[in-house]
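Taking it in order: structure first as structure tokens, then the write-up.
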Amino acid sequence: IDNGKTLAELNFKTNETLIANKQNLGNIPKAPLLNRDKSLTKEAQDIFGEWFDDFSHDGLMTPEDCVEFIRSCTDDKCKTSDTRVKNLFNNHDHDNDGKVDKEGFVEFYRLACVKKEEVVRSNILAHNYRNDLKKISDTCEENTDKTVLPRFILSHESKYFETLLGLLDRPDDSSKQAWDLIQKLVTNPSINNKILSLNVNKKENGEYDWESLFDTKSIFKLLYTFQIIESLIE
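Going by this note's numbering, the letters in the sequence shown line up with residues 16 to 249, in that order.
This is the structure:
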């Protein structure tokens with residue numbers, strides 16, 4: 016969620032284990048590439064048009080440009096004599112000048128959608144589009160509100176975090192499960208700020224009540240506090 020920061024600025028501790036899951040793009044439902052009349056959907060036409068714009072020069076694509084495009088799709092080190100290059104130019108270089116215009120390139124892909132849809136979809140994934148024809152970068156921007164994420168809510172809203180803390184001293188497996196979950200959450204801001212400000216309550220006799228900062232009644236809560244202090248020292 017936060018970019019442009021060091022691990023220290025994100026409060027990661029030394030030797031802390033990071034868990035990352037790769038997004039499985041294959042599970043996203045496929046949006047159609049063709050309409051019922053075999054014409055391209057607007058989304059598909061926009062993608063193919065964008066590819067042409069990225070790899071052509073002055074509105075025309077040469078065999079050399081096509082080679083670069085194929086490499087971007089498959090990482091193949093092909094040449095202009097490649098069958099795929101020849102197929103494009105033999106069928107869509109209508110004035111035989113060795114160049115294909117945007118209309119010809121898009122038509123090439125329309126026909127490919129009819130005959131070789133899976134190959135086209137493979138090209139689409141290679142160019143960082145999802146099965147629903149949305150750019151991966153665009154969908155990441157849609158989900159940048161970290162406050163709606165379950166882990167943020169669990170760590171920042173007191174009623175949920177206190178419930179987790181309450182499970183730590185149970186005499187069953189839920190105690191360990193709760194502790195494992197807490198270890199994966201962002202540091203609770205309330206406890207963190209309390210430590211940073213040394214906000215310690217005073218007793219009636221004027222002495223500092225250190226137990227208001229260090230909960231000695233719970234080993235897990237005390238350990239959690241020590242972990243925060245350790246991360247601040249590091």
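C-beta atoms are modelled at their ideal positions from N, C-alpha and C, and glycine is treated no differently.
If you're wondering where the values come from, they're calculated on a predicted model, not measured in any experiment.
Tell me the rounded alpha-carbon separation between residue i and residue j.
i, j, result
"Val207", "Asn42", "Val is not the amino acid found at residue 207; the sequence shown has Asn there. Cα to Cα, the separation comes out at about 39 Å."
"Thr240", "Lys174", "18 Å"
"Asp52", "His107", "21 Å"
"Lys199", "Ala23", "16 Å"
"Asn138", "Tyr144", "9 Å"
"Asp91", "Asp80", "14 Å"
"Thr77", "Asp116", "9 Å"
"Gly74", "Glu172", "55 Å"
"Glu219", "Lys209", "20 Å"
Near residue i, what residues of its chain come up, given a Cβ to Cβ distance below 7 Å and the 5 sequence neighbours on each side ignored?
i, result
"His50", "As written in the sequence, residue 50 is Asn, which differs from the His given in the question. Correct list, in chain order: Thr56."
"Leu182", "Ser189, Ser190, Ala193"
"Leu60", "The identity of residue 60 in the sequence shown is Gln, whereas the question assumes Leu. Correct list, in chain order: Val121."
"Asn203", "Ser170, Phe176"
For my contact list, residue i and residue j are in at a C-beta cut-off of 8 Å; report their separation, rounded to the angstrom.
i, j, result
"Ala127", "Val134", "7 Å"
"Val121", "Phe63", "5 Å"
Note the first and the last residue of the continuous alpha helix (DSSP H) segment covering residue i.
i, result
"Ile206", "204 to 211"
"Arg51", "From DSSP, Arg51 is part of no alpha helix (DSSP H); its letter is neither H nor E."
"Tyr124", "117 to 130"
"Thr277", "No information on residue 277 is available, as it lies outside the stretch 16 to 249 that the chain covers here."
"Gly181", "173 to 182"
"Arg99", "98 to 107"
"Lys199", "188 to 199"
Under 8 Å Cβ to Cβ from residue i, same chain only, skipping five residues before and after it: list those, please.
i, result
"Glu83", "Phe70"
Sorted by chain position, which residues of the same chain lie with C-beta nearer than 6 Å to residue i's C-beta, five sequence neighbours on each side aside?
i, result
"Arg125", "Leu55"
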